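There are 2 protein chains.
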Amino acid sequence: MAKKTAIVPTREENFPLWYQEVVKLAELAENSPVRGCMVIKPWGFSIWEHLQRNLDKRFKAYGVENAYFPLFIPLSYFEKEAKHVEGFATECAVVTHHRLEKQKDGSLIPASPLEEPLVVRPTSEMIIGEMFSKWVQSYRDLPMRINQWANVVRWEMRPRIFLRTSEFLWQEGHTVHATAQEAEEESLKMLNCYAEFAEDQLALPAIKGEKSENERFPGADKTFTFEMMMQDKKALQSGTSHFLGQNFAKAAGITYLSKEGKQELAWTTSWGTTTRLIGAMIMTHADDDGLIMPPKVAAKHVVIVPIIHKQETEEKILTYCDELAKKLSALDYHGRQVEAFVDKRDLRGGEKNWNWIKKGVPIRIEVGMREIEEGKLCVSLRTADHKEKRFLSEKELVDGVVSDLDQIHATLLTRAKTLLDENTRFFKDRNKFAKFFSGNEEQISGGFAQCFWAGDPELEDKIKKDLNVTIRCIPFEGQGEMGKCLFTAKETTTQVIFAKSY
Amino acid sequence: MAKKTAIVPTREENFPLWYQEVVKLAELAENSPVRGCMVIKPWGFSIWEHLQRNLDKRFKAYGVENAYFPLFIPLSYFEKEAKHVEGFATECAVVTHHRLEKQKDGSLIPASPLEEPLVVRPTSEMIIGEMFSKWVQSYRDLPMRINQWANVVRWEMRPRIFLRTSEFLWQEGHTVHATAQEAEEESLKMLNCYAEFAEDQLALPAIKGEKSENERFPGADKTFTFEMMMQDKKALQSGTSHFLGQNFAKAAGITYLSKEGKQELAWTTSWGTTTRLIGAMIMTHADDDGLIMPPKVAAKHVVIVPIIHKQETEEKILTYCDELAKKLSALDYHGRQVEAFVDKRDLRGGEKNWNWIKKGVPIRIEVGMREIEEGKLCVSLRTADHKEKRFLSEKELVDGVVSDLDQIHATLLTRAKTLLDENTRFFKDRNKFAKFFSGNEEQISGGFAQCFWAGDPELEDKIKKDLNVTIRCIPFEGQGEMGKCLFTAKETTTQVIFAKSY
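Following this line, the structure appears as structure tokens:
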């Protein structure tokens, strides 16, 4: 290796560029010829498939059913909820024609204008609300819990792969309830579902809380969020759950006949997570040699790299590798088999090894004649330091592989929690607060700044302009005590977390 | 029951209306407020989920990897392949703006026109081809096999739920190969994969063959199809697999460095199936009482309906039902558990029963005090005749339930095969051929008419105008013999199948 690290620049040198290089060299995704839209490549998409499968099971255990709603929403539907349209108007892709016409020079132009333009869904509250207004008739139909896995479009002027793209993949859950309390509890339950899922599957810890008015979902009464800290100490909102009050029920006319025979307006929630979680995973766990994959979402757990120096040993080595892969694949890792495979590509062993390091495969095993003869396999775990190698007998390896995978998950989670804890600070001094956030955009600096807050949306806007930070959330933990607002000096019991964010 | 059948009208009375009623009363899907777009309801979507899971496994066993490509395709990409654009130009939804603007009267209009309009993908050959041109570098990268599960839009003036909608869900596989032979074999392999899948999962038999030039995919060298016969004896094309030759490789510039060090143009294929399969399932198996669900795609296999006449027996009956459901759920049915559940809704037993008959649940069990005391359960299989009831001991039921489910699958498949065989006729007489297709659109008449064919696309067009039938395929079976074309009297070895179709 001429270079010291596989990824250039390193995280310290330039975090945003480092991120792009990890995405590229791990073959996760790339920009498409369509501005702002990404192509998710097989290695990246396999992560999404694992996330989908696991989250879907959790939803179903909560009585949520999947359905599918149209990609398009008639323009007039957006006029029904004022705040909602205000929030999404600047990022809507609009279909206006339904045919292409060839011109004399062979070029194509849109033809056959639609009577009413159609918006490509940025989210589906308006169209699902319309269906709910038909499906919900009586209290017997409640609660109603529906989810869809879908693509959505929010036009993006400054796209970044997985973090902010014009089209992204997500799930959106929508529920209807008879009472405000039940609906709000549901939205909190789903927030907890997300946070548990992220820790359990992606080794991603988060701070849970409520959004301030400025950052609330357009049309919601309350938005709950879970915020993660990336390695550059910026915040990433990884999913949200909204208590929508009766705003969307009013807009769509979702009413039900109560037990007492009265027509009542329903209460609704919605909640979503997206392919952005893959971005969170990269920016939390990857290092200067590339991706580090939490084992539960890895399509491949163990790669066996045959080291063949002489033609005549090839068959023996490959046979040994295949048998080893078979033994490992027979093991159970949290409900699926240990995914072990032999990399038989016609490449040098070192090249293969670096390939899998960059792709973040949890465990790598090198097998050559010496290893077979000495009965010691060279085993590397892809956690912090790819150079950390162990020499294990086959039995030690096979007996320990599942706990090794669990160990990798635990290591990643602990490291991420430490980062979060060590960089969340409480502030009583405005100058120190300002200094905390004074680093430039490429540098790693700052963190989560917790403080008392009695300000208003205007003040929050001003702080955003001055320091490029926003209130990420009003955290659930640490409320109740009395203190002075850092900015207005008013007495309050509310604490908030400020941070730079994605 | 005042009515003789749950579905009015019956199949004989008006097949298209019968279809709509089955879809509605089984709660599979409904029309949305967006013209031509459907909402797939939970019961309908659960079928798609099962199809997806099973088909995805088959693809992966063939080395296909999933990925995701943009929803939008730049207009200029369509100009690259002349036949392709010709085929899709009349059904393209076009995005022309990326913002909404509020007018003084509060209404919204599209704003911020795009520099280049974007077509909502009707299929993704052009955009995936562009990516392949980057991903394929050398012979080592071949074959490349990629699939995506996605929504596509083909503007539809006369939509019909599941059969023809402006937006539908599908998978599209795309492969790249070094040689023409390998590519053509791949497209045939995938056609066989579909046909096996449809028989195994949906109990749907089909005739496999090649499309005539008129019905070929725009831009393909050859299109292979599997055609099913619905109960109204019309044909339904249930999926296609295309040997694309070098047409799309040329358009996108997919080349590779051969082993001999030469830059060569690649060969490609594409293949897809859609939510239309659900329409095929309905029109093949459903009867005048509603849906009949092939057990392998049913989200619920066994519904237990408690029959409670007296309040004081309720607890005993419900406890018995829960225990029965538990015993049934412990059984394995082709790799998943037997999905058994107790319908505890606050409705009369008869109402519940009819509800599940219309939804097509394979097995229904009624349990009241008499059944418990006498040790004989009333068991009904949802095949041809819902009135056919058996009285079984619990042991007989539990021991036999898996083979009952298999029996239902076998019954459905046999019945569908019989329909197909009995209504596929060979024609040597043009008058008889014309008479075969003389029935009106609402009536059940006609079938598959096989004959020798040496005509051209113009003649096929004329026959279509006269009789409203098209060549569904040149079937793989039954070629080679010599005979006279039914229309031109020329000698030929080619036989084709004509039919009315969806």
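For the record, the sequence lines run as chains P and C. So in my numbering, the last spot in the first sequence is 502, and the numbers never skip. So in my numbering, the last spot in the second sequence is 1004, and the numbers never skip. In this text, a Cβ means the ideal position worked out from N, Cα and C, and glycines have one as well. Remember, predicted model here, so these are calculated numbers, not experimental data.
Confirm, please, whether the CB-CB distance from residue j to residue i is below 8 Å.
i: residue 756/C; j: residue 768/C; result: yes
i: residue 259/P; j: residue 62/P; result: no
i: residue 15/P; j: residue 444/P; result: yes
i: residue 538/C; j: residue 661/C; result: yes
i: residue 803/C; j: residue 705/C; result: no
i: residue 455/P; j: residue 493/P; result: no
i: residue 363/P; j: residue 402/P; result: no
i: residue 854/C; j: residue 848/C; result: no
i: residue 446/P; j: residue 437/P; result: yes
i: residue 84/P; j: residue 219/P; result: yes
i: residue 394/P; j: residue 377/P; result: yes
i: residue 183/P; j: residue 243/P; result: yes
i: residue 693/C; j: residue 713/C; result: no
i: residue 78/P; j: residue 610/C; result: yes
i: residue 23/P; j: residue 282/P; result: yes
i: residue 175/P; j: residue 216/P; result: no
i: residue 532/C; j: residue 540/C; result: yes
i: residue 290/P; j: residue 360/P; result: yes
i: residue 807/C; j: residue 843/C; result: no
Got a sec? Which residues, its chain only, sit under 6 Å from residue i by beta carbon, not counting five neighbours each side?
i: residue 251/P; result: 80, 81
i: residue 892/C; result: 881
i: residue 130/P; result: 252
i: residue 590/C; result: 624
i: residue 841/C; result: 802, 803
i: residue 561/C; result: 649
i: residue 1/P; result: In this predicted model, residue 1/P has a pLDDT of only 43, less than 50, meaning its place in the structure is not dependable; the value taken from the coordinates is given anyway. Nothing meets the Cβ criterion.
i: residue 877/C; result: 895
Got a sec, what are the start and stop residues for the beta strand (DSSP E) residue i sits in?
i: residue 959/C; result: Where residue 959/C is concerned, there is no enclosing beta strand (DSSP E), although the alpha helix (DSSP H) it sits in stretches over 959-969.
i: residue 952/C; result: 950-954
i: residue 773/C; result: 769-776
i: residue 417/P; result: Premise fails: residue 417/P lies in the alpha helix (DSSP H), 394-422, not in any beta strand (DSSP E).
i: residue 495/P; result: 495-499
i: residue 856/C; result: Residue 856/C -> not in any beta strand (DSSP E); alpha helix (DSSP H) instead, spanning 851-861.
i: residue 473/P; result: 470-475
i: residue 162/P; result: Looking at the DSSP string, residue 162/P is not in any beta strand (DSSP E), and its letter there is neither H nor E.
Along chain P, which residues have their Cβ under 8 Å away from the Cβ of residue i?
i: residue 591/C; result: 99, 100, 101, 102, 108
i: residue 657/C; result: 98, 99
Excluding five sequence neighbours on each side, which residues of the same chain lie with their C-beta closer than 8 Å to the C-beta of residue i?
i: residue 511/C; result: 519, 520, 523
i: residue 833/C; result: 839, 840, 900, 903, 904
i: residue 93/P; result: 119, 120, 153, 155, 166
i: residue 992/C; result: 956, 986
Leaving out five residues before and five after residue i in sequence, what residues of the same chain have Cβ atoms less than 7 Å from its Cβ?
i: residue 350/P; result: none
i: residue 320/P; result: 367, 372
i: residue 809/C; result: 851, 868, 869, 870
Against residue i, what residues of chain C qualify as contacts under a CB-to-CB distance less than 8 Å, listed in chain order?
i: residue 281/P; result: By Cβ distance, chain C contributes nothing, its closest Cβ being about 17 Å from residue 281/P, past 8 Å.
i: residue 139/P; result: Here the premise fails: no neighbours, minimum Cβ distance about 11 Å.
i: residue 167/P; result: 572, 573, 574
Mind pulling the chain C residues with CB within less than 9 Å of residue i?
i: residue 354/P; result: Near residue 354/P there are no residues of chain C at all, since even the closest Cβ is about 17 Å away, more than 9 Å.
i: residue 130/P; result: 534, 535
i: residue 339/P; result: Here the premise fails: no neighbours, minimum Cβ distance about 12 Å.
Residue i lies in the alpha helix (DSSP H); which residues open and close that run?
i: residue 874/C; result: 871-876
i: residue 560/C; result: 544-563
i: residue 118/P; result: No alpha helix (DSSP H) holds residue 118/P; the beta strand (DSSP E) holding it covers 108-120.
i: residue 635/C; result: 627-637
i: residue 319/P; result: 314-329
i: residue 18/P; result: 15-25
Please compile the residues from chain P whose C-beta is within a distance smaller than 7 Å of the C-beta of residue i.
i: residue 543/C; result: 67
i: residue 551/C; result: 66
i: residue 595/C; result: 95, 98
What does residue i reach in chain C if we use C-beta pairs closer than 7 Å?
i: residue 451/P; result: Result: empty, since nearest Cβ-Cβ is about 36 Å, beyond 7 Å.
If you pair each beta-carbon of the stretch 97-113 of chain P with each one of the stretch 622-634 of chain C, do three or more pairs fall below 8 Å? Segments in contact, no.
I want to know whether the stretch 788-800 of chain C touches the stretch 896-915 of chain C - three or more CB-CB distances under 8 Å. The stretch 788-800 of chain C is in contact with the stretch 896-915 of chain C.
Is the stretch 143-155 of chain P close to the stretch 163-177 of chain P, with three or more CB pairs under 8 Å? Judged by Cβ distances under 8 Å, the stretch 143-155 of chain P makes contact with the stretch 163-177 of chain P, as three or more pairs qualify.
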